[in-house]
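Trainee:
Numbering (our numbering), first residue to last: 4 to 109.
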């Protein structure tokens, strides 16, 4: 896992071998928007989706945005509350739009 504090968000990248999504991120207190890069994964199981939903809820409750980078080729369970994008650039653009909306109070 790689973690970087950027100017406007936290960026975390998981590798294929990381299987501790729930253990590593759930205890964190989020104080900024989060991009979680799972682009190296080829598949995702129900445990990942459960953890992602829990993390998403924590971030929303803290007033921030959560975006997940995931290749289009990875099948996902229908989850309307999660924001999936195929590239890091799109994730950063998504966060910028969310931040603009927050700044405008909408």
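A virtual CB, placed ideally from N, CA and C, is assigned to each residue, including glycine.
1. Where do the ends of the alpha helix (DSSP H) carrying residue 61 lie?
2. Give the single residue among 98, 16 and 108 whose Cα lies nearest to the Cα of residue 10.
3. DSSP on residue 16, reduced to helix/strand/coil?
4. Can you name the start and end residues of the alpha helix (DSSP H) that residue 99 belongs to?
5. What residue range is occupied by the uninterrupted beta strand (DSSP E) comprising residue 67?
6. Just the Cα atoms here: how many angstroms apart are residue 95 and residue 50?
7. Assign residue 37 to buried or exposed, taking buried as 16 or more other Cβ atoms, counted over all protein chains shown, within 10 Å of its Cβ.
8. Between which two residues does the beta strand (DSSP E) carrying residue 7 extend?
9. Residue 47: which of 34, 17 and 65 sits nearest, CA to CA?
Mentor: Working from what's here:
1. Start and end: 49-64.
2. For the residues 98, 16 and 108, the minimum Cα distance to residue 10 belongs to 98.
3. Of the three classes helix, strand and coil, the one that applies to residue 16 here is strand, per DSSP.
4. Per DSSP, the continuous alpha helix (DSSP H) segment holding residue 99 begins and ends at 91-107.
5. Per DSSP, residue 67 lies in no beta strand (DSSP E) and is assigned neither H nor E.
6. Cα to Cα, the separation comes out at about 26 Å.
7. With a 10 Å radius around the Cβ and a threshold of 16 neighbouring Cβ atoms, residue 37 comes out buried.
8. Boundaries of the beta strand (DSSP E) harbouring residue 7: 5-8, taken from the DSSP string.
9. Comparing Cα positions, the closest option is 17.
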